[in-house]
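> In the numbering used here, the protein residues as written are 1 to 556. Think of the CB as a built atom: it goes at the ideal place given N, C-alpha and C, for glycine as much as any other residue. Please read these numbers as outputs of a predicted model, since none were measured by experiment.
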Amino acid sequence: MSDNRTAYNGDNMPILVTRWDCTGHAVNILYNDLNLGMLPNEFLGKNFRELGLEQQIYEKCQHYFNRVLVTTQKTAFQLHSRMRDYQVSFLPECNSDGEMETVLGIVRDMTGEQKAKGELDITNRKSLEIELKERTEQLEKVNDLLTAGYTKVKMAAQIAKLGYFEWDIANGEIYWSDEQYRNFGYSPQEFIPTRAFIRSRIHPDDRERVYTTDKVSRKRHVESQFRIIRPDGSVGWLCARSKSVMDERGCLVKICGITQDITEQRQTEDRIHRVEKDLIFTNQLYSRSAYLNKLLVNSYSAEYITKALNEFGIETKAAHCCFVVQLTDKSISTAETPDYTVSARITGKQAVLVWLAEKELGWIWKFNEDIVLLITLTDSNIDSKQSQIEFANRLIGEIATIFPHICVKIGISGTSSIPIDFRDIYEKANRAAVVAASIDCSPAVHCDDIGIYEVAFQLLHDKNTCGLVQNTIGRLAEYDQTRGSNLLFTLELILENMSLKVVSQKLFIHHNTAIWRKRRIESFLGMSLDKMETKVLLILYLKIWKLQKAETGENR
């Protein structure tokens with residue numbers, strides 16, 4: 001500790017010496033010749049407010065105590081209470097590392113000295129002087145901005161970080177302070193601003209918000225908020241307040257004012273509005289999903305479904321197309337995914353859902369982990385198969401641009417019958433989405449193009465068929481996993497009617513190696529790959545096996 005602990009020796013002996021911690025609570029009493037009105041143990045551990053001081057005295061003590069904490073320097077002030085004058089000093093106490101640990105408080109009775117000198121009430125006078133000084137400084141700052149004195153404006157700008165501008169209309173000259181340049185994203189005095197340049201920096205959608213000369217001339221004081229485009233392309237927000245200066249004839253000769261960068265404030269407000277909007281949307285989405293998903297999982301008559309959809313606002317007498325959108329995060333591995341990345345993935349999918357809803361393409365809701373989009377064809381130009389595929393691919397492209405970490409697969413139902421068969425149209429789109437997730441050829445699949453997968457869906461949960469699939473494709477996959485081979489992929493290439501020469505080129509292996517792998521597969525399965533019947537059967541088994549993987553989430 002420093003020697004401040006014994007600094008109260010000498011003239012004007014103190015009547016009270018206390019030690020306070022940095023939170024403003026009394027630690028101990030070193031010396032007491034003052035009637036505290038409470039026992040020492042009642043005094044310790046309390047702050048200025050809890051000691052029962054008068055409001056004015058408490059605020060003054062707290063103010064100077066805080067000043068010591070900020071400046072780490074000694075401070076002293078005077079108090080007047082109950083017809084007596086006191087001098088109070090706060091001294092910082094630091095450790096060997098120079099870090100402040102406690103504050104020493106010393107109270108001296110100055111009543112006799114003040115009376116001997118015949119001075120007025122110093123405490124009240126000092127209080128008035130301090131208050132007057134603070135008021136004067138505030139008035140000087142306001143006066144600096146209004147009078148636009150260059151020196152004072154610069155000083156005010158440094159304190160308040162305000163930009164000042166002045167437009168001399170008669171001479172066509174524009175002046176910017178250093179902070180004004182910074183508000184627009186430029187270095188001070190980097191160039192001479194012009195009216196055309198300023199207009200080019202204002203966001204095109206907000207140029208009408210900035211008052212023209214004629215509008216300003218009719219209104220002496222103008223305030224507006226608008227966006228600007230900074231040199232790096234980012235968008236900022238400024239709040240501008242301007243004042244018109246007229247000559248003796250009432251003609252506008254000058255416009256001067258200030259700007260303040262409110263980008264962070266507006267961004268915070270936008271985030272709050274966005275959260276509020278998302279909460280409202282989430283509630284609506286939950287209600288819509290709960291309502292419509294009941295129609296998908298339960299068996300209802302066509303009359304009931306039609307009535308329910310009409311009550312919800314979906315016109316069933318029109319043709320519709322259903323799109324099932326499956327989302328996965330490219331950056332997340334299926335194994336050992338940390339909790340925080342799971343949260344990020346869910347947030348990403350929710351962002352895509354909100355984005356799709358804001359496009360107002362049709363009715364949108366969630367079913368399990370997928371997004372369902374139902375579009376009325378009378379209100380769109382996607383009534384043909386090709387246009388529906390093109391629409392899905394455009395969506396996928398837009399999502400990839402805005403959400404690059406999200407992988408998208410879309411299944412398309414095709415045009416529904418009239419009135420709408422709600423469950424059937426969803427199941428068509430969902431099957432197409434499952435196929436899209438199972439193959440690598442295209443991210444968008446139309447239900448008319450799933451081919452043999454249609455048969456695979458019918459046999460997906462047949463026990464006998466599943467057993468055969470496991471005994472062939474499944475057993476071969478397990479063999480590859482155990483041995484580190486890729487016989488299954490070789491089989492896929494062979495089943496695609498590729499010659500062994502093409503297979504060897506695809507796998508970057510010797511032609512003889514491809515021949516050996518074919519014979520190894522035939523021996524392992526007990527089947528000849530030269531028979532068409534065997535190839536068709538294995539193709540079907542392979543499709544079922546991929547659908548099983550997609551159903552268990554292995555492909556996501």
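1) Within 8 Å of any Cβ in chain C, is that where the Cβ of Gln388 sits?
2) What distance in whole Å lies between the Cβ atoms of His320 and Ile375, which are believed to be in contact at a cut-off of 8 Å?
3) Which residue wins for smallest C-alpha separation from Asp530, given the options Glu478, Asn28 and Glu496?
4) In or out: Tyr541 buried (at least 16 other Cβ within 10 Å) or exposed?
5) Please report how far the alpha carbon of Lys277 lies from the alpha carbon of Arg271, in whole angstroms.
6) Rounded to whole angstroms, what is the Cα-Cα separation between Arg209 and Ile364?
7) Can you find the residues in the same chain that come closer than 6 Å, C-beta to C-beta, to Met100, ignoring five residues on each side of it along the sequence?
8) If you draw a straight line from the C-alpha of Glu315 to the C-alpha of Leu309, how long is it?
9) Specify the secondary structure class of Trp545 as computed by DSSP and reduced to three states.
10) Is the beta carbon of Asp261 sitting closer than 8 Å to the one on Leu238?
11) Please go through the same chain and pick out, in chain order, the residues whose beta-carbon is closer than 8 Å to the beta-carbon of Leu295, but skip the five residues on each side of it.
12) Assign Asp370 to one of three DSSP states: helix, strand, or coil.
13) For Ile425 versus Gln388, is the C-beta spacing smaller than 8 Å?
14) Measure the beta-carbon distance from Val352 to Leu327 and round it to whole angstroms, keeping in mind my assumption that it falls under 8 Å.
15) Looking at the unbroken beta strand (DSSP E) that takes in Phe197, where does it start and where does it end?
16) Over what stretch of residues does the alpha helix (DSSP H) that includes Val210 continue unbroken?
17) Please confirm if the region 473-483 is in contact with the region 443-460, defined as three or more CB-CB distances below 8 Å between the two stretches.
18) Give the DSSP-derived three-state secondary structure of Thr534 in the structure shown.
19) Note down the Cα distance separating Tyr300 from Glu454, rounded to an integer number of angstroms.
20) For the alpha helix (DSSP H) that Ser504 lies in, which residues bound it at each end?
21) Considering just the uninterrupted stretch of the alpha helix (DSSP H) at Ile410, what are its terminal residues?
22) Going by Cα to Cα distance, which pick from Leu34, Gln56, Asp33 and Ile29 is closest to Lys46?
23) Should the region 124-134 be called in touch with the region 17-31, which here means at least 3 C-beta pairs below 8 Å?
24) The alpha helix (DSSP H) that contains Asn28, what's its start and end?
25) Going by DSSP in three states, Leu361 sits in which element: helix, strand or coil?
26) Quick check on the burial criterion: 16 or more other C-beta atoms within 10 angstroms. Buried or exposed for Glu166?
27) Where DSSP assigns a beta bridge to Ser224, which residues make up the other side?
28) Is Thr316 helix, strand or coil by DSSP?
29) Grouping DSSP H, G and I as helix and E and B as strand, with all else coil, what is His511?
30) Helix, strand or coil, according to DSSP, for Gly233 in the structure here?
31) Grab the span of the beta strand (DSSP E) containing Gln78 for me, first residue to last.
32) Using the beta-carbon count (16 or more within 10 Å), is Ala436 buried or exposed?
33) Please name the residue, chosen from Asn41, Thr194 and Gly24, that lies closest to Glu59 on a Cα-to-Cα basis.
34) Exposed or buried, which one is Ala456 when buried takes at least 16 other CB atoms within 10 Å?
35) If we call anything under 8 Å between Cβ atoms a contact, is Ile371 one with Val325?
36) Between which residues of its own chain and Thr552 is the CB-CB distance below 7 Å, once the five residues before and five after are set aside?
The short version:
1) No chain C appears in the structure shown, which is made up of a single protein chain.
2) 7 Å
3) Glu496
4) buried
5) 10 Å
6) 36 Å
7) Thr72, Pro92 and Cys94
8) 7 Å
9) helix
10) yes
11) Ile305, Ala308, Leu309, Phe422 and Arg423
12) strand
13) no
14) 6 Å
15) Looking at the DSSP string, Phe197 is not in any beta strand (DSSP E); the run it does join, the alpha helix (DSSP H), is Arg195 to Arg201.
16) Neither: Val210 is in no alpha helix (DSSP H) and is coded neither H nor E.
17) no
18) helix
19) 24 Å
20) Leu500 to Leu507
21) Unbroken run through Ile410 is the beta strand (DSSP E), Ile406 to Thr415; no alpha helix (DSSP H).
22) Ile29
23) no
24) Looking at the DSSP string, Asn28 is not in any alpha helix (DSSP H); the run it does join, the beta strand (DSSP E), is Ala26 to Asn32.
25) coil
26) buried
27) Ala240
28) coil
29) helix
30) coil
31) Thr75 to Ser81
32) buried
33) Gly24
34) buried
35) yes
36) none
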